[in-house]
Every structure is written in structure tokens, then in C-alpha cells.
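Protein chains: 2
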Amino acid sequence: MDENCTVYRTMEYISKRWSMLILLELFKGQDGNKRYSELKADLPGITPKVLSGRLKELEAEGLIRKKVDMSSFPVRSDYQLTPAGFALIDVVKDLKNWALTWKIDNEACKRMDCARCRL
Amino acid sequence: MDENCTVYRTMEYISKRWSMLILLELFKGQDGNKRYSELKADLPGITPKVLSGRLKELEAEGLIRKKVDMSSFPVRSDYQLTPAGFALIDVVKDLKNWALTWKIDNEACKRMDCARCRL
DNA sequence: CGGTATCCTTTCGGATACTG
DNA sequence: CAGTATCCGAAAGGATACCG
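Now the structure itself:
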């Protein structure tokens, strides 16, 4: 495929399962911040392997930042949205608005702030 | 997963390989319109199985419309973006703009209208 | 707590051949 | 031309156990 196409390349990490949901969960945390264990708890069904894999990818893409507090025991890891990550959430909001405009089966989501995405 | 979440459900078809690229190819056609064989030619690497599968999904989602001309032989099939499909292209544009703002390795795409997405 | 390692299953997509 | 049918391999993901 066309490796140089911005849209195509952006689709690459947009499209991976869990990736956007992880960003959304971080967004719901204080200052776009959550711990590994919180993410795990808030994303029912995700396995540790997949979660840690996605976190690495997202960090490599510059969408999140990892901060480890070595002074505490056990070690405490925090993940936080970067400005780029926050900006991507805005696009997800547009996507949600698109869905609410053009898909008719989202009445529940229209009535209230959806508990999951809270956008 | 949460089947009722608008964002989650939207991600479902955003995220499938080729789906957005098919929409982009249609967008590049006259009035958001292209034939099956054109799509196949314009999406190098896609197999007939995958293409026909994606087209069915996109039609079921109301993003494209299929029009068959039975009077001609061989049968001629046209696929066209619906208003919902066109609206989704706008979100893809936002996505592209996000990428161009936050990812530094897209200078070629910045300089010109990318030949592939033409957004 | 925050992961990694291993195994195993399933799904998806690619290749190809064929048909109305 | 516009697909469908069949087969196959790679890769992703789930379950589980374990470690610093």
C-alpha cells in the first residue's frame, strides 16, 4: 500500500482495535491521565498483553507519554495524553457527531452524555 | 464490548481495512461515483473477495449506494457515496489535518494535494 | 502493581479459479 | 464485467501463568 499517504498512515493506528478506546479512557481521567491498572479495569475484556502492546505503540506515535515512579513500591506507571493525543480526541468527537447525525440508532447516546465516551 | 457506544460502533467500520480507502476512492470519482472495476484498479492489492465484502458492508451501513444497470451487457455496477458517506469524508479530512499538524513526517503531503487522498 | 512469556485458537485476508 | 467459491497461510488476539 501507499506508505507515504498521510490518510493511509493515520488509519493505521486509528484502526487498531482498542487504540482509540485507550485514548478515550485516558481522556476521561484527570488531565488525560490514568494508571495501567485503571486502564485495565476500565477496558473490560482487554488482556495485559494487548494493553501493554497498544500502550507502546501509542507512545511510539507520540500520542501518550509514560511516566514511571520508581520511588514507590510497587512501581507506579502513569500514562498521559500528549497534546497530539488530546487533539486526536477532537477528531473522535467529530466522528461521534457524524454518527449521531447520520445513524438513527443512537438515540440513547443523543439523550445523554454516553457513559463510555463522555465526549 | 459496549455495543451501545456510538464511538465504539463507529470505530467498527472506520477501522476495517480498505473501508475508508474505498470511500476515498469513490470521493475522487465524479459525484462520488465509481464502478466496481474502477475501484479494483484504483486500489492496488485489493482482492475481489475483500472488495465485494467491503462494498456490502458499506452499503448495509448506508455509506454507499449500489446501482446496477441490468439493461447493459455485461451488467454494469455503480457505487456512489450517500450523503452520510460524503459527511464521513469530512471527518477523514479532519483526521488528515490532525496528522499534518501533529506528525512531522508528512512534508510531501503538506506541500501538495496528495495524489491518493486528494482531500 | 505492572507488566512479560507461552501457547493456542480464530479470524482475516491473499491467491486463484471459476461463473452468469 | 462483476462478482462468488475454495483453499491456505500469517497474524492478531485470548487465556493463562509467571516475574521483578
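Chains as they are written, first to last, in my numbering: chain A, 406 to 524; chain B, 406 to 524.
Built from N, CA and C at the ideal position, the CB exists for glycine as well.
Using beta carbons (cut-off 8 Å, strictly below), is residue i in contact with chain A?
| i | result |
| --- | --- |
| A465(B) | no |
| D447(B) | no |
| R470(B) | no |
| S420(B) | yes |
| L456(B) | no |
| L493(B) | yes |
Give the C-beta separation of residue i and residue j to the nearest angstrom, bearing in mind that I take them to be a contact with Cβ-Cβ under 8 Å.
| i | j | result |
| --- | --- | --- |
| L444(B) | L456(B) | 6 Å |
| N438(A) | D483(A) | 6 Å |
| T487(B) | L468(B) | 6 Å |
| I427(B) | L448(B) | 7 Å |
| W503(B) | A492(A) | 6 Å |
| Q485(B) | L431(B) | 7 Å |
Compare the C-beta of residue i against all C-beta atoms of chain B and say whether one is closer than 8 Å.
| i | result |
| --- | --- |
| L524(A) | yes |
| I427(A) | no |
| R459(A) | no |
| L505(A) | yes |
| V497(A) | yes |
Under three-state DSSP, which class holds residue i?
| i | result |
| --- | --- |
| V473(A) | strand |
| R459(A) | helix |
| S420(B) | coil |
| K454(B) | helix |
| L444(B) | helix |
| N502(A) | helix |
| K433(B) | helix |
| R523(A) | coil |
| L468(A) | coil |
Is it buried or exposed for residue i, if we count other Cβ within 10 angstroms and need 16 for buried?
| i | result |
| --- | --- |
| V480(B) | exposed |
| S476(A) | exposed |
| K472(A) | exposed |
| S424(B) | buried |
| A465(A) | exposed |
| F478(A) | exposed |
| G490(A) | buried |
| K459(B) | Note that residue 459(B) is Arg in the sequence shown here, rather than Lys. So R459(B) counts as buried. |
| A446(A) | exposed |
| T452(B) | exposed |
| T415(B) | buried |
| T411(A) | buried |
If the cut is a Cβ gap below 9 Å, which residues of chain B does residue i touch?
| i | result |
| --- | --- |
| K501(A) | T411, V412, T415 |
Could you work out which residues of chain A lie near residue i, taking near to mean beta carbons separated by less than 8 Å?
| i | result |
| --- | --- |
| T452(B) | Those within 8 Å of T452(B) in chain A number zero; the least Cβ separation is about 13 Å. |
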